[in-house]
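Student:
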Amino acid sequence: MSTARLIALDQILFVLVAAAWAATAGVALAGLRQPAAAGRRTRLIAAALWAAAIVVTALRIPVTLGLARAGWWFVAEKVTLALPLVVLPALASAAVSLPRLLRAPSGSGAPVLSPRLVAFPLLVTAYGAVAGVACGVVISYPVTGGGAAAVLALFAAASVVSWRLLGPVRTPGDRWQAAGTGVLALAVALTVGGGWSGGHPHFGDHARAQGISVDLLRGPAASAAGGPSGAKPRVRRFTLTAQPATVRLASGPIDAWSFNGQVPGPVLRVRQGDLVEVTLRNRLPGQAVTVHWHGYDVPSGEDGVPGVTQNAVAPGQTHVYRFRAEDPGTYWYHSHQNSSIAVPRGLFGLLVVDPAAPLPESEDHVLALHTFGTRPTLSVDGAAPTDGLARLALPPGARTRLRVVNTDTRPVVLGLGGAPYRIAAVDGGDVPGATDLDGARLHLAAGGRYDLTFTVPSGPVLLTAGDRPALLVNGPSAPPAAAGPIVDITRYGAATAPPARFDQEVTWVLDKTLAMADGLPRLAQTVNGKAWPNIPTPVVRQGQTVRIRVVNRGTDTHPMHPHGHHVRILSRNGVPATGLSMDTFDVAPGEVWEVALVADNPGMWMSHCHDLAHAAQGMEFHLAYEGVTTPYEMGGGNHPA
Ligand SMILES: [Cu+2]
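With our numbering applied, the sequence shown has no gaps in its numbers, which climb one by one up to 646 at the end.
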């Protein structure tokens, strides 16, 4: 069974275990209060429930062992806390409670059944099982002392209170004492549980250190810029004006936010070596904006992250971005202010850097997939998007490149039917040794890009996105949709040698856990048990090679996106990868990815999940270079996620 299935099964099981033990304890207690014959019947029902509870509890053990095979990250809190809390009292209940549940009715001569002996072990087992549910909600990896102590305090208090209340003589004072114990335990749990409350932003610590400001890490000014040859580069100037717009789809109009009145924004198409200068103007009422160059590894000061590399650009204001376009490939840009709202509403566009030497393809088109609400659309070469079937007419025999950009917050499965094709580039980088695929489908991460190349056949070609026919080349009739297996992108292309050594190792365990986010405890998307801004900032030194291990303990897919760097994929689930570079990689539930990041672009960088709603729910943090500081602050007008 896959790790993802085991995670889901375990979540069902720990709720069932808690319900089974609560029912067993409840029915046993009822049996003690009934007269002899009825009490005997009820106690036998409790014994049957006990057997069922034992079975579901035992089922957790093979599931936990299966998860342990995928890594200790998946089971640490289960092995150290959740399972002992239910298994040990369950064993005690087998020795103490079960024989008494099965005993004949207590007649006049028989000994009276003691509630402490019959019900107490069952109640403690039930509390342990409920504590197991709590572990699943409040504790991630690593297991923190605070989280563990909070769960243990509540478990212990419930047990102590029950012991007293099950005693032979009860006075009103006992109840007050019991209530006092409960309140005290809750207070202890909330206080020590401060382990998951984090405290202060680590990012703030770093910002106060001495060093070079991210503000100085900017692209070259047009007047000062000389290329590697010393020659003045060509300057390409663009203006992006954020403004409201209406997108007209076949299914009805959309009130959108746009760059220059169009969604997607204009395709910025430049040549390798150009100096790109983009003036952002904000004419969007009540909404600040920035421009982030997704996948293009600009100097840090041009990265467009409010509160980190600049202040958000308020309505009426402007901001200028400059960078040398040295890396050919397919990229995109989008606002990074309130991005979970702004990008889905349309504040994005496409960036293509053509190589200095011409490509072999005579046909070159850029496709943006974007979903407005529940309406998936496709835009070809920056034209208005359609939620119907887009069409392209291409000369048969022409070598063709389709640059497919997933601007959504969820992955998409692509199919290209009607012609064999190759994945010529992934996230802007060429794929060495790309091989022909025929009828195979592709999984494209949120924010990711594939350049697909093929020779136009005499018949039609169909690109599907999800279950939907998206683009028809040379109709009128469509060929069958590609329905082949999904390519494992981590194993595609020719293998290249991994880095010989690593200077630093970082592990990011992704989960959905109760954590402090925006000053309140909430169910957050967490990294190592913490949510923004409490996730510790990994600090690297320029020139270091860092091995990053990303573990997904949760049930959501997380497209991880470190800014300013492409990472080389080393392995997925322990299987060595070919070593492709990506800037957004989809870590599915239960998966473990290892990637290498070479620290070659000094700055203060955002790293986050590109399911932008997850970023807004806490899954964002920084990667900082030693000695780089920022004068900007989060909060106020700056809200990146
Ligand atoms: Cu995510």
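Cβ atoms here follow ideal geometry from the backbone N, Cα and C, with glycine treated the same way.
Going straight from the alpha carbon of V101 to that of G31, what length do you get?
Tutor: About 17 Å.
Student: Is A212 helix, strand or coil when you go by DSSP?
Tutor: Low local confidence applies: a pLDDT of 45 at A212 is under 50, so the model's placement there is unreliable, with the coordinate-based value given in what follows. DSSP places A212 in helix when its eight states are reduced to three.
Student: Quick check: does the Cβ of H563 come within less than 7 Å of any heavy atom belonging to ligand 1?
Tutor: Correct: H563 has its Cβ closer than 7 Å to ligand 1.
Student: State whether the region 624 to 640 contacts the region 540 to 547, with contact taken as three or more CB pairs (one from each stretch) at a distance under 8 Å.
Tutor: A contact exists between the region 624 to 640 and the region 540 to 547.
Student: Would you decide whether M6 is buried or exposed? Buried here means 16 or more other CB atoms lie within 10 Å of its CB.
Tutor: Exposed, since its Cβ has fewer than 16 Cβ neighbours within 10 Å.
Student: What does the Cβ neighbour count give for I144, buried or exposed, with the cut at 16 atoms within 10 Å?
Tutor: It is buried - the Cβ of I144 has at least 16 other Cβ atoms within 10 Å.
Student: Classify G203 as helix, strand or coil using the three-state DSSP reduction.
Tutor: With a pLDDT of only 42 at G203, under the threshold of 50, the placement of this residue in the model should not be trusted, and no figure is reported.
Student: Buried or exposed for P40, please, with buried defined as at least 16 other CB atoms from any protein chain shown within 10 angstroms of its CB.
Tutor: Exposed.
Student: Closest to A53 by C-alpha separation, out of A75, A25 and A43, would be which residue?
Tutor: When only C-alpha atoms are compared, the closest one is A25.
Student: Between which residues of its own chain and D392 is the CB-CB distance below 7 Å, once the five residues before and five after are set aside?
Tutor: So the list reads L254, A255, S256, R380, P381 and T382, once near-sequence residues are dropped.
Student: Using DSSP with H/G/I as helix, E/B as strand and the rest coil, what is A317?
Tutor: Correct three-state label for A317: coil.
Student: Determine which residues share a DSSP beta bridge with L419 and list them.
Tutor: Its beta-bridge partners are L447 and A470.
Student: So V418 and R446 are in contact, right, with Cβ under 8 Å, and what is the actual spacing, rounded?
Tutor: Right, their Cβ atoms sit about 5 Å apart.
Student: Assign D15 to one of two classes, buried (16 or more other C-beta atoms within 10 Å of its C-beta) or exposed (fewer than that).
Tutor: That one is buried.
Student: With DSSP collapsed to three states, give me the class of S463.
Tutor: Coil, per DSSP.
Student: Quick one, which of T149, R169, L88 and P173 has its alpha-carbon nearest V135's?
Tutor: Checking every option, the nearest Cα to that of V135 belongs to L88.
Student: Return the CA-CA distance between P484 and P465, expressed in angstroms with no decimal places.
Tutor: Straight-line Cα distance between these residues: approximately 6 Å.
Student: What does the alpha-carbon distance come out to for the pair H568 and V310?
Tutor: Spanning the two alpha carbons is a distance of roughly 10 Å.
Student: Along the chain, where does the beta strand (DSSP E) containing T8 start, and where does it finish?
Tutor: That residue, T8, is in no beta strand (DSSP E); its alpha helix (DSSP H) goes T8 to R38.
Student: Would you tell me roughly how many angstroms separate the C-alpha atoms of A27 and Y497, rounded to the nearest one?
Tutor: Their Cα atoms are separated by approximately 51 Å.
Student: May I ask you to report which of helix, strand or coil DSSP gives G114?
Tutor: Note that G114 scores 49 on pLDDT, short of 50, meaning its location in the model is unreliable; the coordinates nonetheless yield the value given after this. Coil.
Student: Going by beta carbon distance, what residues of the same chain come within less than 6 Å of S340, once the five residues before and after it are set aside?
Tutor: Within the same chain, S340 has close Cβ partners V294, T295, A347 and L352.
Student: Assign H619 to one of three DSSP states: helix, strand, or coil.
Tutor: Correct three-state label for H619: helix.
Student: So, does the region 549 to 562 touch the region 277 to 297, judging by three or more C-beta pairs under 8 Å?
Tutor: As far as the Cβ criterion goes, the region 549 to 562 does not touch the region 277 to 297, which means the pair count is below three.
Student: In whole angstroms, what separates the C-alpha of T246 from that of G266?
Tutor: Whole-angstrom Cα-Cα distance: 8 Å.
Student: Using the Cα positions of V188 and Y132, report the straight-line distance between them to the nearest angstrom.
Tutor: In a straight line, the C-alpha of V188 is about 16 Å away from that of Y132.
Student: Excluding sequence positions up to five away, which residues of its chain have a Cβ less than 6 Å from the Cβ of V286?
Tutor: With the sequence shown as reference, residue 286 is identified as Arg, and Val is not the correct amino acid for it. Excluding sequence neighbours, R286 sits near T246 and T323.
Student: Please state the DSSP three-state secondary structure of D508.
Tutor: Residue state, collapsed to three classes: coil.
Student: Following a CB-centred definition, is M611 positioned closer than 7 Å to any heavy atom of ligand 1?
Tutor: Not under cutoff, so the answer is no.
Student: Could you tell me which of V156, Q277, V313 and R350 sits nearest to A360, measuring between CA atoms?
Tutor: A small correction: the amino acid at residue 360 is Pro; Ala does not occupy that position in the sequence shown. Among V156, Q277, V313 and R350, the Cα nearest to that of P360 is on Q277.
Student: Identify, in the order they occur along the chain, each residue of the same chain with its Cβ nearer than 6 Å to the Cβ of G422, setting aside the five sequence neighbours on each side.
Tutor: Contacts found: L467, P484, P485, A486 and A487.
Student: When burial is assigned at 16 or more other CB atoms within 10 Å of the CB, is P304 buried or exposed?
Tutor: When all chains shown are included, P304 counts as buried.
Student: Can you find the residues in the same chain that come closer than 6 Å, C-beta to C-beta, to S612, ignoring five residues on each side of it along the sequence?
Tutor: Closer than 6 Å at Cβ, skipping near neighbours: P567, F626 and L628.
Student: As an exercise, report each continuous beta strand (DSSP E) stretch of at least 3 residues that is fully enclosed by the region 362 to 395, in chain order.
Tutor: Listed in chain order, they are 368 to 377 and 380 to 385.
Student: Go through its chain and collect everything with a Cβ distance to T414's Cβ below 6 Å, but skip five positions before and after it.
Tutor: If we look at T414 and ignore the five residues flanking it on each side, its Cβ neighbours are A451, D616 and L617.
Student: Who are D435's beta bridge partners in DSSP?
Tutor: Bridge partners of D435: A430.
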